[in-house]
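Take a look at the structure below.
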Amino acid sequence: MKKYCQKNRCKIYGPGSDKKDNLRDAFSGAEEYHNNAIQKLDRLHYQRRKLIGEIYRMRLMTVTTIAELRDSIKIMYSSAGFIQRALNSSRPYICPFHTLLKHVPQNSTVLDIGCGSGLFLNLLAYRNIVNTATGIDAAKQPIITARAALKVIEPKADIIFEHRKVEEGLPDMKFSVVSMIDVIHHIDPNYQRSALESAVSRVSDNGIFLFKDIGSRPLWRAWANRFHDLLLARQWIYYVKETDVQDWIEKAGFQLVHQETINMWWYGHNLMIFQNKATSKSGHNNA
Ligand SMILES: C[S@@+](CC[C@H](N)C(=O)[O-])C[C@H]1O[C@@H](n2cnc3c(N)ncnc32)[C@H](O)[C@@H]1O
752 MKKYCQKNRC KIYGPGSDKK DNLRDAFSGA EEYHNNAIQK LDRLHYQRRK LIGEIYRMRL
812 MTVTTIAELR DSIKIMYSSA GFIQRALNSS RPYICPFHTL LKHVPQNSTV LDIGCGSGLF
872 LNLLAYRNIV NTATGIDAAK QPIITARAAL KVIEPKADII FEHRKVEEGL PDMKFSVVSM
932 IDVIHHIDPN YQRSALESAV SRVSDNGIFL FKDIGSRPLW RAWANRFHDL LLARQWIYYV
992 KETDVQDWIE KAGFQLVHQE TINMWWYGHN LMIFQNKATS KSGHNNA
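Right, dumping it as structure tokens:
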């Protein structure tokens, strides 16, 4: 140590040297070294974060458990208020997103009608499944929450959330997947059929209409959900019979390719997937 200090002192104060120049050189050398080290650390830190992000995304692409979905929702909605965060991260317990997500093929374009705070689209975007997507909802606050989550995700996909009712018209383009998740029972019964017809009119050739609603039977499950909506949405809801939904959509030129009942707690979910009849021979991805 002593030797080293002496050596430096010698360099700085040595015979025949200009003291100030030597000091300046020594300091600028140290400063450059320090800046380079900081830049290297920054680069390493950035690469580490990128790697962790990639690993996380890859895991999410393969895992579809409720717990994993909740983890990603907590990240996506980290900028929302406490109640919104709690409501959104609890939703996978009562709504089968782990099943719904599997029905959306890679590189889809999606229109989600009644998207709420954007859970379905944001989860799809987070997993890099969608290319383009639009979510619309009649309520303003959920759209603000959906947009805030989108800022956290920074997806590669082009995602838009719009505040509008289905009655006010839908985007003037076709989508490979149009979804309606737990929305139809909130719509005025006089408009339910035309809302469904309007939704399927936006499904492209070979595309699918993903319809999920609370089943109208058994009655006890339907009533349990009615209480849920009275409490949380403060709304009297109007169930549509599954057979009516099937009838209306088939009459619009679609074919039912998948139907499933999923019970979670006291909620009874009815999932129906319809495909454009003209091209349904190419098959639906039931992965
Ligand atoms: C139970 S939430 C479901 C939200 C979302 N689909 C999900 O599964 O998380 C029902 C949503 O439908 C929306 N909604 C009700 N009537 C609507 C209408 N006429 N047009 C568009 N959205 C509507 C509500 O604002 C609400 O956000």
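Start counting the sequence shown at 752; every next residue gets the next number (this note's numbering). Beta carbons: idealized from backbone N, C-alpha and C, even for Gly. Just so it is clear, the structure is predicted and the values come from calculations on it, not from any experiment.
Could you check whether residue j and residue i sit closer than 9 Å to each other, using their CB atoms as the reference points?
i, j, result
"residue 886", "residue 845", "no"
"residue 952", "residue 1003", "yes"
"residue 1026", "residue 997", "no"
"residue 973", "residue 990", "yes"
"residue 948", "residue 999", "yes"
"residue 863", "residue 884", "yes"
"residue 896", "residue 828", "yes"
"residue 865", "residue 888", "yes"
Can you grab the Cα-Cα spacing for the pair residue i / residue j, in whole Å?
i, j, result
"residue 1021", "residue 985", "23 Å"
"residue 857", "residue 880", "5 Å"
"residue 817", "residue 1015", "11 Å"
"residue 868", "residue 900", "9 Å"
"residue 796", "residue 902", "22 Å"
"residue 826", "residue 1012", "30 Å"
"residue 904", "residue 778", "43 Å"
"residue 870", "residue 821", "11 Å"
"residue 794", "residue 787", "11 Å"
"residue 980", "residue 824", "22 Å"
"residue 971", "residue 843", "21 Å"
"residue 782", "residue 772", "15 Å"
"residue 792", "residue 815", "35 Å"
"residue 798", "residue 906", "19 Å"
"residue 983", "residue 785", "57 Å"
"residue 839", "residue 898", "14 Å"
"residue 977", "residue 918", "23 Å"
"residue 987", "residue 861", "29 Å"
"residue 908", "residue 882", "5 Å"
Taking the alpha carbon of residue i as the reference point, which residue from the options has its own alpha carbon closest?
i, options, result
"residue 957", "1013, 969 and 925", "925"
"residue 1010", "867, 1018, 1001 and 1024", "1024"
"residue 994", "966, 913 and 1018", "966"
"residue 961", "941, 928, 915 and 842", "928"
"residue 914", "893, 843, 944 and 779", "893"
"residue 963", "937, 945, 979 and 978", "937"
"residue 923", "983, 907 and 954", "954"
"residue 959", "1008, 939 and 945", "1008"
"residue 916", "950, 898, 907 and 906", "950"
"residue 975", "944, 1019 and 819", "1019"
"residue 968", "982, 992, 980 and 979", "992"
"residue 1001", "982, 1028 and 983", "1028"
Apply the 10 Å Cβ neighbour rule to residue i and answer buried if 16 or more other Cβ atoms are within range, or exposed otherwise.
i, result
"residue 847", "buried"
"residue 841", "exposed"
"residue 769", "exposed"
"residue 859", "buried"
"residue 810", "Bear in mind that a pLDDT of 49 at residue 810, under 50, signals an unreliable position, so the model cannot answer this."
"residue 780", "exposed"
"residue 940", "exposed"
"residue 775", "exposed"
"residue 945", "exposed"
Closer than 9 Å, CB to CB, is residue i near chain B or not?
i, result
"residue 1017", "No chain B is present in this structure, which holds just one protein chain."
Decide yes or no for the touch test of the region 866 to 881 against the region 843 to 854: beta carbon pairs closer than 8 Å, at least 3 of them.
yes
Three CB pairs or more closer than 8 Å across the region 930 to 941 and the region 830 to 837
By the Cβ criterion, the region 930 to 941 is not in contact with the region 830 to 837, since fewer than three pairs of Cβ atoms, one from each stretch, lie closer than 8 Å.
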